[in-house]
Amino acid sequence: MTTLEDRPSTALLVIDVQNDVVGGAWHRDEVVANINSLVDRAHAAGTPVVWVQHADDELEPDTEGWRIVPELSPGEDDAHVHKEYGDAFEGTDLEDVLADLRVGALVVAGAETDACIRSTIHGAFTRGYDVTLVGDAHTAGDKSPWGAPPVEQVVAHTNLYWGFHGAPGRTARVLDADDVAFE
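Following this line, the structure appears as structure tokens:
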């Protein structure tokens, strides 16, 4: 499976579920509820949860808009990674965090589907991780005024192509939140 040596563990990676990122996102409440269920089940199973938060000129650290949405409660021992690029591995300590946890497989949820989710799942896969995208636990804001398809189509397309993604020694798949099993 993973091409990373001595990495038998799985982690839940929750990307950018911040107030200003998902405030107007497609199916926000349903997606956040699915993520909350994943986090609760991961914690109960002893699976590491890693929270990723984006920052830029419009999303400043330690502001209300930058904070994780109030419906989600990171655990006391959960790791936090702060990023400035779409791919959560770029310019961060995410790889070190995952190496310390001996993680070789990621379960990914969060926002935004067409930016940070897409960049991170590809970044993880090319770095040797097995990557499960939680098909009903990622979302984005509407970018159709700039020529993008409606969010529902962006999510459906991402789920479609990720389910058929492949490479030697690695697994890519899409599961609904209820079908994710943490052990």
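FYI, in the UniProt record's numbering the residues of the sequence shown are 1 to 183. Virtual Cβ for every residue (Gly too), placed ideally from N, Cα, C. These figures come from a predicted structure and were not determined experimentally.
Taking T47 as the centre and dropping the five residues before and after it, the same chain places the C-beta of T10, A11, L12 and F182 closer than 7 Å to its C-beta, in chain order. When DSSP states are grouped into helix, strand and coil, R173 belongs to the strand group.
Here DSSP, grouped into helix, strand and coil, assigns L72 to coil. T158 carries a helical assignment under DSSP once its states are collapsed to helix, strand and coil. According to the DSSP assignment, S119 belongs to the alpha helix (DSSP H) that extends over R118 to T126. By a beta-carbon distance limit of 8 Å, R7 contacts G104. Their separation comes to about 3 Å. With a cut-off of 8 Å on Cβ pairs, the segment 40 to 58 is in contact with the segment 71 to 79, counting three or more such pairs. Residue state for A167 is assigned as strand, using DSSP reduced to three classes. Burial of W66 is indicated by the presence of at least 16 other C-beta atoms within 10 angstroms of its C-beta. For D62 and R170, the gap between their C-alpha atoms comes out near 37 Å. With contacts defined as CB atoms closer than 8 Å, V17 and V97 fail to qualify as a contacting pair. Taking all protein chains in view, the Cβ of E112 is crowded by 16 or more other Cβ atoms within 10 Å, so the residue is classified as buried.
When secondary structure is reduced to three states using DSSP, G86 falls in the coil class, being assigned neither helix nor strand. Spanning the alpha carbons of H165 and R173 requires a straight line of approximately 8 Å.
Annotated as proximal: L175 and T132, with beta-carbon spacing under 8 Å.
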